[in-house]
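Let me begin by presenting the structure, written as structure tokens, before commenting on it.
In the UniProt record's numbering, the protein residues as written are 1 to 496.
If you want it as structure tokens, here you go:
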């Protein structure tokens, strides 16, 4: 019987999953278009009057790209997420309305009006499905898209655009207030805890980047691009783990540091914080120190660095800003390392097995242990055995020999999932199994087997209820990866 504590736990997970899903949808409109944002940032850094190669003719690209191209791409992508190609078309059409009706870049407006327009078209298509006379399908489809898209463009021009412009202006004024009163570092109290709950993409691409792009269009740079993306807090925590963390974790840290700092995949350090939750204080301190340093040195970037790699940082750093930008990263790293070292008690208790990361099946939290236990006795898991109960029998089950495709799901489908897909692809290739990466919100309905972080597992199961969803807790050397490989190799049973 479920007790009150279990009920509260389930409710908390459900709420977190809903927040993650909402944020993931926001980020999903931005992430596929990051290349366009970087292109705009590079052109801005090079050719504006204060750029590396000032050129009045080439700088004319800057305005149209940020006011028209980027919002249209967001609107197109947002519509496509809701209703495929037809949704993409009407989403882009409706976005033109908010773009024309505003004097500020309409990223937020595109993220609002495009999905709504696509949803309206999707509802209309369902309403008339099977009711259109033969031969009139194309006529109805084209005119319905044109009428709904055009009508929403008009509404965007006269209503939604002005409202969003007012909201954007208010948000900008709020940021200016925080900066002028030296309070901006306090945003780390919200940003850093939210990041380790896998809301990093939602915060960066859904909130900070749109406001930052408006600032960059006016002043040539924005500090907001450096708040969530600064690799310093995570790097400091990983360095502290390398020297003072549980000894069983230390072998995984150098690889995580390279992936985090050079590859820009910040999700790699989240499990280290989650296994020692008090380390969130180190992340907050490092993040706040980095923001404060950027404020003092008047630092900023010309576009969002995505992924948050040091190479991406250097690529979008404005002329003359390298010292201040690097100083912000160094200070954030130093403060985070010092605080994390203190919280890890400088290595005292490093041999405590309760502080070990999830590198064996017996050390895994309940979801991962249950999954490991689901392998058949003959699967020969290298991770060992466990006495934990199996997941509820209502969960989907699949034999390893029936698996043809494994999906690796992360929040945006473009970061940690790409990295892990590469690892698993090499491991499963000898067995004829293909491995693909995907956003947790875009798992196809016919998915067989999905690997995702334990914090994203509820969303994965809600998106693909018939798939076997196998959660893991560590991106490096998690025993679940051995369990899956052995089940596929020897025909063991996997339960989601």
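Cβ coordinates follow ideal geometry from the N, Cα and C atoms, glycine included.
What you are looking at is a predicted structure, and each value in this text was computed from that prediction instead of being measured.
Please state whether DSSP places residue i in a helix, a strand or coil.
| i | result |
| --- | --- |
| residue 497 | In this structure the chain extends from 1 to 496, so residue 497 is not present and cannot be described. |
| residue 341 | helix |
| residue 133 | coil |
| residue 436 | strand |
| residue 301 | strand |
| residue 309 | coil |
| residue 222 | strand |
| residue 40 | helix |
| residue 377 | At residue 377, the pLDDT of 36 sits below 50, so the modelled position is not reliable; the number obtained from the coordinates is stated separately. Of the three classes helix, strand and coil, the one that applies to residue 377 here is helix, per DSSP. |
| residue 465 | coil |
| residue 257 | helix |
| residue 296 | helix |
| residue 106 | coil |
| residue 181 | coil |
| residue 55 | coil |
| residue 319 | coil |
| residue 446 | coil |
| residue 416 | helix |
| residue 176 | helix |
| residue 49 | coil |
| residue 101 | coil |
| residue 280 | helix |
| residue 125 | helix |
Quick check on residue i - is its C-beta less than 7 angstroms from some C-beta in chain C?
| i | result |
| --- | --- |
| residue 244 | Among the protein chains of the structure shown there is no chain C, as only one such chain exists. |
Given residue i, which residues of its chain have a CB within under 6 angstroms of its CB, disregarding the five upstream and five downstream residues?
| i | result |
| --- | --- |
| residue 244 | 341, 344, 346, 347 |
| residue 239 | 337 |
| residue 61 | 43 |
| residue 379 | Interpretation of residue 379 is limited by its pLDDT of 39, a score under 50 that renders its predicted location unreliable; no figure is taken from the coordinates. |
| residue 55 | 47 |
Please go through the same chain and pick out, in chain order, the residues whose beta-carbon is closer than 7 angstroms to the beta-carbon of residue i, but skip the five residues on each side of it.
| i | result |
| --- | --- |
| residue 485 | 427, 428 |
| residue 46 | 52, 53 |
| residue 192 | 233, 280, 283, 284, 287 |
| residue 256 | 238, 268, 269, 476 |
| residue 460 | 409, 440, 443, 450, 452, 469 |
| residue 154 | 97 |
| residue 84 | none |
| residue 312 | 264, 305, 306 |
| residue 122 | 82, 83, 87 |
Which residues does DSSP list as the beta-bridge partners of residue i?
| i | result |
| --- | --- |
| residue 273 | DSSP lists no partner for residue 273. |
| residue 228 | In DSSP, residue 228 forms no bridge with anything. |
| residue 472 | 453 |
| residue 494 | 398 |
Taking the alpha carbon of residue i as the point to measure from, which residue in the options has its own alpha carbon closest?
| i | options | result |
| --- | --- | --- |
| residue 494 | 400, 78, 296 | 400 |
| residue 27 | 448, 441, 99 | 441 |
| residue 316 | 40, 25, 32 | 40 |
| residue 189 | 115, 223, 289 | 289 |
| residue 447 | 479, 331, 403, 86 | 403 |
| residue 296 | 184, 250, 266, 277 | 184 |
| residue 170 | 211, 139, 159 | 211 |
| residue 415 | 437, 180, 123 | 437 |
| residue 324 | 276, 221, 275 | 221 |
| residue 70 | 464, 309, 205, 252 | 205 |
| residue 277 | 463, 242, 203, 195 | 195 |
| residue 445 | 417, 466, 136 | 466 |
| residue 478 | 110, 309, 251, 198 | 251 |
| residue 125 | 310, 141, 116 | 141 |
Near residue i, what residues of its chain come up, given a Cβ to Cβ distance below 8 angstroms and the 5 sequence neighbours on each side ignored?
| i | result |
| --- | --- |
| residue 423 | 481 |
| residue 175 | 184, 211, 215, 224 |
Cβ atoms of residue j and residue i: under 7 angstroms apart, would you say?
| i | j | result |
| --- | --- | --- |
| residue 37 | residue 74 | no |
| residue 291 | residue 237 | no |
| residue 118 | residue 79 | yes |
| residue 94 | residue 149 | yes |
| residue 208 | residue 223 | no |
| residue 230 | residue 411 | no |
| residue 32 | residue 67 | no |
| residue 540 | residue 421 | Summary: the structure shown does not reach residue 540, with the chain confined to residues 1 through 496, and so no result is reported for it. |
| residue 497 | residue 29 | Outside the displayed range of the chain (1 to 496) lies residue 497, so it cannot be described from this structure. |
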